[in-house]
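Numbering (my numbering), first residue to last: 181 to 422. Here the structure is laid out as structure tokens; the discussion comes afterwards.
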Ligand SMILES: C[S@@+](CC[C@H](N)C(=O)[O-])C[C@H]1O[C@@H](n2cnc3c(N)ncnc32)[C@H](O)[C@@H]1O
Ligand SMILES: O=C(O)C(=O)C[C@]1(C(=O)O)C=C[C@@H](O)C=C1
């Protein structure tokens with residue numbers, strides 16, 4: 181019986197694991213992300229609410245870096261009768277195997293695709309979701325992806341971009357890092373687990389400032405951009421294609 185609670189980093193390790201979305205992570209992922217990202221459940225729930233507003237009949241709604249499909253399921257509860265296609269994409273086979281199982285008896289059609297989000301065509305999109313995914317892509321590849329997303333969206337479409345962020349101000353960086361760790365401790369993670377996870381994510385998760393995200397979105401062509409949610413060093417932006 182696989183433990184569904186994340187205690188992956190509870191034991192000292194010789195070498196710090198480089199974090200990866202493998203089978204071990206996928207097995208505990210819902211618990212891990214809920215206990216690690218302040219506001220995660222709010223962001224996922226409001227992703228569905230925003231999709232309800234922006235999803236146009238006959239278009240596609242993309243969940244890029246879908247993991248186990250939390251954002252897709254959130255959107256699906258609003259789009260069942262709107263003739264939209266939800267396209268859930270992730271390059272982790274461990275995640276997609278589990279998502280496919282979850283979709284077996286799901287009443288709404290979700291196209292689950294195992295691929296690098298940089299390799300798929302974004303077409304006829306009224307909603308695009310990047311919830312905690314862009315941060316795992318090499319920064320030098322992020323502009324090309326956002327450009328492709330913008331080009332593949334219909335006018336009036338929405339991009340929801342949620343990320344771990346960093347701060348240009350050293351004091352704010354330290355404050356928000358400390359508050360994030362306090363959040364994780366409040367959810368039962370030990371100091372060792374927090375330290376191990378931080379080391380494992382080094383150079384795997386590369387956060388950027390909100391200003392960097394906003395500048396990239398403007399370069400891609402988005403005219404209306406705002407931060408609609410932030411808790412410590414996690415934020416979600418909404419960007420509209422006029
Ligand atoms: C923190 S999880 C995303 C959480 C998910 N969006 C949600 O709301 O529950 C990051 C996901 O992005 C996926 N990922 C990272 N880089 C990717 C890439 N280049 N192409 C596709 N998926 C990628 C990982 O496999 C992982 O499942
Ligand atoms: O920054 C951390 O400590 C995290 O655990 C963040 C984060 C993320 O933002 O994706 C990293 C890995 C897991 O997917 C869950 C959460």
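All residues carry an ideal CB built from backbone N, CA and C; glycine is no exception.
Exercise for review: Have a look at residue 280 and residue 410 and give me their C-alpha separation to the nearest angstrom.
Suggested key: 31 Å
Check your understanding: Roughly how many angstroms separate the alpha carbons of residue 385 and residue 341, rounded to a whole number?
Key -> 15 Å
Check your understanding: Mapping DSSP to helix, strand and coil, what is residue 274?
Key -> helix
Point to revise | Contained beta strand (DSSP E) runs [length at least 3] in the stretch 308-345, N- to C-terminal order | key: 333-344
Review point. Would the beta-carbon of residue 241 fall within 9 Å of that of residue 273?
Key: no
Point to revise | residue 365 classed as buried or exposed, judged by whether at least 16 other C-beta atoms fall within 10 angstroms | key: exposed
Practice item. Could you round the C-beta distance between residue 302 and residue 332 to whole angstroms and report it? I think they count as a contact, below 8 Å. Key: 3 Å
Exercise for review: Can you have a look at residue 239 and say buried or exposed, based on whether 16 or more other CB atoms are within 10 angstroms of its CB?
Suggested key: buried
Review point. Across which residues does DSSP place residue 257 in a beta bridge pair?
Key: Residue 257 pairs with nothing; no bridge assigned.
Review point. To the nearest angstrom, how far is it from the Cα of residue 313 to the Cα of residue 392?
Key: 16 Å
**Study point:** Three-state secondary structure (DSSP) of residue 185
**Key:** coil
Check your understanding: Do the stretch 217-227 and the stretch 250-258 meet, that is, are 3 or more Cβ pairs less than 8 Å apart?
Key -> yes
**Study point:** Classification of residue 243 by the beta-carbon crowding that lies within 10 angstroms, buried from 16 upward
**Key:** Taking all protein chains shown into account, residue 243 has 16 or more neighbouring C-beta atoms within 10 Å of its C-beta and is therefore buried.
Check your understanding: residue 240 lies in the beta strand (DSSP E); which residues open and close that run?
Key -> 240-244
Practice item. Give a single yes or no on whether residue 228 has its beta carbon closer than 8 Å to a heavy atom of ligand 1. Key: no
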